[in-house]
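Under the working numbering, the letters of the sequence shown match residues 22 to 170, in that order. Glycine included, every Cβ here is placed at the ideal spot set by N, Cα and C. This one's a predicted model, so the numbers in the text were calculated from it and none came from an experiment. Worksheet: one structure, shown below.
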Amino acid sequence: MKIVLLNLFILLFSSQISIAQQNKARSAKYFETASNLFDKEDYKEAILYCDSAIITNTDNLEAYAYRGVCKFQLKKYEEAIADFDLALTLNNGYAEVYYYRGLCKKELGADKQACEDWYNAYNLGFKQVMKIIKLNCKLEPKSIPKKKK
């Protein structure tokens with residue numbers, strides 16, 4: 022009886038792994054289509070494919086990030102911030118997400134929070150953001166990162 026139960030457990034467990042792998046593969050396909058639509062600036066359609074990618078794999082970090090950027094492009098800043106927050110929950114070291122979330126916050130008039138996000142992006146290696154920081158954020162001498170020679 023124990024062997025039968027063990028075999029049943031193994032069968033169920035292995036089928037769950039297979040389903041998870043299939044979902045990740047399906048999610049990747051949806052995301053690939055979303056990425057192609059994004060490149061064509063078809064942001065509304067790209068959002069739908071990002072939605073599908075997320076539904077089939079809720080850990081698809083890139084789908085949250087891309088969906089947020091699509092919403093940013095469509096000037097849906099609060100919705101974009103929500104997606105960026107989800108992406109950062111999955112990976113708080115994603116510099117580009119901080120950059121875009123900062124842009125959204127700037128558009129909504131939350132300048133201090135925008136600067137905080139841009140500083141995070143800079144500190145995570147997204148050095149191009151320094152131009153935006155210099156233009157939009159009040160920098161004190163101690164807070165300006167030094168360039169290495």
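Run the CB neighbour count on residue i, radius 10 Å, all protein chains shown included, and call it buried at 16 or more, exposed below.
i    : result
G123 : buried
L129 : exposed
L156 : exposed
K127 : buried
E62  : exposed
For residue i, which of the options has the nearest alpha-carbon?
i    : options                   : result
C136 : G146, C158, L145 and G130 : C158
K133 : G114, I154 and Y115       : I154
Y119 : E99, N112, M151 and N141  : N141
K148 : D80, I102, Y121 and A116  : A116
V90  : K50, N144, S56 and Y143   : S56
L111 : I75, K92 and Q43          : I75
T77  : Q43, W139, T54 and E62    : Q43
A228 : D60, T79, E62 and L145    : With the chain covering 22 to 170 only, the question about residue 228 has no answer from this structure.
N113 : K61, D60, A49 and L145    : L145
Which same chain residues, not among the five before or five after residue i, have their C-beta less than 7 Å away from its C-beta?
i    : result
L27  : At L27 the pLDDT is 49, less than 50, meaning the model places this residue with poor confidence and gives no usable figure here.
A131 : none
K50  : none
Go through its chain and collect everything with a Cβ distance to residue i's Cβ below 6 Å, but skip five positions before and after it.
i    : result
Y85  : D104, L107 and A108
L95  : Y64
E66  : L58
A101 : G89, K92, F93 and C125
D60  : none
T54  : Y70
S48  : A74, T77, N78 and N81
Which residues in the same chain have their Cβ closer than 8 Å to the Cβ of residue i, if we skip the five residues on either side of it in sequence?
i    : result
I40  : none
F52  : Y70, C71, A74, N81, E83, A84 and Y87
W139 : Y119, Y120, G123, V150, I153, I154, N157 and C158
E99  : C125 and L129
*Counting only runs that start and end within the segment 93-162, where is the alpha helix (DSSP H) found for 4 or more residues in a row?*
98-111, 116-128, 132-144 and 151-157
*Of all the alpha helix (DSSP H) runs that stay within the bounds of the segment 50-98, which reach a length of 4 or more residues?*
64-77 and 82-94
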